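The following block contains the structure:
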């Protein structure tokens, strides 16, 4: 089974609108971390936000927030007030405490912000 | 700046050749990971090292090998290169703990002619 599933290959959003990028995960480890990365067309991988499995509150970092639904094993990224610079590839990733240092990445979602 | 340094940034070579990609992790990070990203593709995990020892292997071809040295820098060796090896190769490093993210270098863009 896939550890991380991103079912939206491509998404479009109007500038200044909010958008949600979906991510579901699969683990039996009670302790894990969930991460989102942004990859603009220039190629670099930028760490955006982290959510821990024991965190009671959803993580937020500026315009980024993570809608964490533990029972559903989902960790959706919400980008508010989209900007043209948000157009990029977005990857969801997970790290399990039990397996130590290995990371699992989804296949990514390509987001295009329309002016 | 992620603190992870990859060299070279670009590499152009021919089929059949051998190249070495180099990575210096963030200060204090013991884990180093290598990924391959072909055009418009996701990240393919190749291999992971922790404090000099191999910890996990992904879809790494036998023509590829890697190592992590005592000073924690890592090298990825690609030999008998084929056209399909053209890709962006990332190195990432992390500290231990499930709450620690990976920090990525800027990548080495390898073009096989």
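Chains as they are written, first to last, in the working numbering: chain A, 1 to 115; chain B, 1 to 113. We treat Cβ as the ideally placed atom computed from N, Cα and C, and that holds for glycine. Owing to the predicted nature of the structure, the values given are computational and were not obtained by experimental measurement.
Review point. Does residue 96(B) get closer than 9 angstroms to chain A when you measure Cβ to Cβ?
Key: Against the second chain, residue 96(B) aligns to sequence position 96. At least one chain A Cβ lies under 9 angstroms of residue 96(B).
Exercise for review: Excluding the 5 residues preceding and the 5 following residue 10(B) in the sequence, name in chain order all residues of the same chain whose CB lies nearer than 6 angstroms to its CB.
Suggested key: Along the second chain, read from residue 1 onward, the residue named residue 10(B) stands at position 10. Cβ within range, chain order: 109.
Practice item. Give a yes or no on whether the C-beta atoms belonging to residue 89(A) and residue 103(A) are separated by under 9 angstroms. Key: For the purposes of this step, residue 89(A) is taken as residue 89 along the first chain, with counting starting at 1. For the purposes of this step, residue 103(A) is taken as residue 103 along the first chain, with counting starting at 1. Contact: no.
Practice item. With DSSP as the reference, label residue 85(A) as helix, strand or coil. Key: For this step, residue 85(A) is matched to residue 85 along the first chain. Three-state DSSP puts residue 85(A) in a helix.
Exercise for review: Taking all protein chains shown into account, decide if residue 51(B) is buried (16 or more other Cβ within 10 angstroms of its Cβ) or exposed.
Suggested key: Counting from one through the second chain, the residue named residue 51(B) turns up at place 51. Exposed: under 16 other Cβ atoms inside 10 Å.
Review point. Does the beta-carbon distance from residue 48(A) to residue 35(A) come in below 9 angstroms?
Key: Sequence index remark: in the first chain, residue 48(A) carries index 48 (1-based). Sequence index remark: in the first chain, residue 35(A) carries index 35 (1-based). Yes, the pair counts as a contact, with Cβ atoms nearer than the cut-off.
Exercise for review: Measuring alpha carbon to alpha carbon, tell me which of 6(B), 16(B), 111(B) ends up nearest residue 63(B).
Suggested key: Numbered from its first residue, the second chain carries residue 63(B) at position 63. For the residues 6(B), 16(B), 111(B), the minimum Cα distance to residue 63(B) belongs to 16(B).
Practice item. Would you mind listing the beta strand (DSSP E) stretches within the stretch 27-94 of chain B that are 3+ residues and don't spill past its ends, in chain order? Key: 31-37, 44-50, 53-57, 64-68, 74-78, 87-94
Check your understanding: What residues in the stretch 48-62 of chain B have a beta carbon less than 8 angstroms from any beta carbon of chain A?
Key -> 48, 50, 55, 56
Exercise for review: Kindly indicate if chain B contains any beta-carbon less than 9 angstroms away from that of residue 11(A).
Suggested key: Here residue 11(A) is taken as the residue at index 11 of the first chain, counted from 1. No, residue 11(A) does not count as interfacial toward chain B.
Point to revise | Beta-carbon proximity of residue 95(B) to residue 29(B), cut-off 9 angstroms | key: Reading the second chain from its first residue, position 95 is the one you call residue 95(B). Reading the second chain from its first residue, position 29 is the one you call residue 29(B). Yes, these two residues count as a Cβ contact at 9 angstroms.
Check your understanding: What did DSSP end up calling residue 76(A) once you bin it into helix, strand or coil?
Key -> Mapped onto the first chain, residue 76(A) falls at position 76. Reduced to three states, the DSSP call for residue 76(A) is strand.
Review point. Does DSSP classify residue 67(A) as helix, strand or coil?
Key: Working through the first chain from its first residue, we reach residue 67(A) at position 67. Reduced to three states, the DSSP call for residue 67(A) is strand.
**Study point:** Test: residue 103(B) CB closer than 9 angstroms to a CB of chain A
**Key:** As a position in the second chain, residue 103(B) is number 103, starting the count at 1. Chain A contact via Cβ: present.
Review point. So does the stretch 24-40 of chain A actually touch the stretch 69-76 of chain B, counting three or more Cβ pairs closer than 8 angstroms?
Key: no
Point to revise | 3-residue-minimum beta strand (DSSP E) runs that sit fully inside the stretch 14-39 of chain A, ordered along the chain | key: 19-21, 32-39
Practice item. List the residues of chain B that residue 101(A) touches, going by C-beta distances under 7 angstroms, in chain order. Key: Walking along the first chain from the start, residue 101(A) turns up at place 101. Near residue 101(A) (Cβ distances below 7 angstroms), the residues of chain B are 31, 48, 50, 55, 94, 96.
Practice item. Could you tell me which chain A residues have their CB closer than 7 angstroms to the CB of residue 3(B), listed as they occur along the chain? Key: Reading the second chain from its first residue, position 3 is the one you call residue 3(B). Ordered by position in chain A, no residue passes the 7 angstroms Cβ test against residue 3(B), which lies about 11 angstroms from the chain.
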